[in-house]
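Note that numbering that gives the first Met the number 0 has the sequence shown beginning at 0, numbered continuously upward.
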Amino acid sequence: MSNQSAAVNFSELVNKNKQTLARLDESPQLLLHRRDGEDLVLTTAVRAEQDRSVVSAATRMLAAMARREPGSMELLLDILPDAFPWVRFLPEPDVHAFAVELVDTMRAADSIGNSASVAQMLTAWQHSAEVHSDPELLAALTRDQEADTA
């Protein structure tokens, strides 16, 4: 079995469903390209549950580690740049805020079985890092904010 997704057009699933679904025996998932919409991913229920279990376990371990003892937050802060290189552009207080929000959001998302909020939060923080990486943009946005408060 390959670790890569097989890709087919959605019409192939409709027209040759048996042969198309048989490709799931060789691939963990099937990427279905649609002409008039977002692509879809098809997998078996067992594989989807396995993926959910792995993410849930990793989330619980990360949350437990971050809350276990004071030194563990420093460890998390030390490894964040390996997982998210863009955090190097964030001011230090924001890196700490990101770490706390990441753990809290992952725990909350895991509790309801929906990771969309984690993806949204990661995107928002990455955009913040992008702003901080561009001194001209940061100055322009900071100047606009200072003018609003004056």
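Built from N, CA and C at the ideal position, the CB exists for glycine as well.
Query: Short Cβ contact (8 Å threshold) for Leu31 with Leu12; Result: yes
Query: Own chain, CB closer than 8 Å to Val40, minus 5 neighbours either side, in chain order; Result: Ser4, Gln28, Leu29, Leu30 and Leu31
Query: Which residues DSSP lists as bridging Val40, in chain order; Result: Leu30
Query: Contained alpha helix (DSSP H) runs [length at least 4] in the stretch 69-106, N- to C-terminal order; Result: 69-82
Query: Inter-stretch contact (C-beta, 8 Å, three-pair minimum) for the stretch 132-141 and the stretch 63-80; Result: no
Query: For Val7: DSSP bridge partner residues; Result: Leu31
Query: Rounded C-alpha distance that separates Gly112 from Arg87; Result: 30 Å
Query: Buried or exposed (CB count within 10 angstroms, at least 16 for buried), Met105; Result: buried
Query: CA-to-CA distance, Leu20 to Arg196, given in whole angstroms; Result: In the structure displayed, the chain extends from 0 to 149; residue 196 sits before or after that span and is not available.
Query: Buried or exposed by the 16-neighbour rule on C-beta atoms within 10 Å, applied to Val99; Result: exposed
Query: Whole-angstrom C-beta distance between Ala62 and Ser75, which should lie under 8 Å; Result: Reading the sequence as shown, one finds Leu at residue 75 and not Ser. Incorrect: roughly 10 Å between the Cβ atoms, too far for contact.
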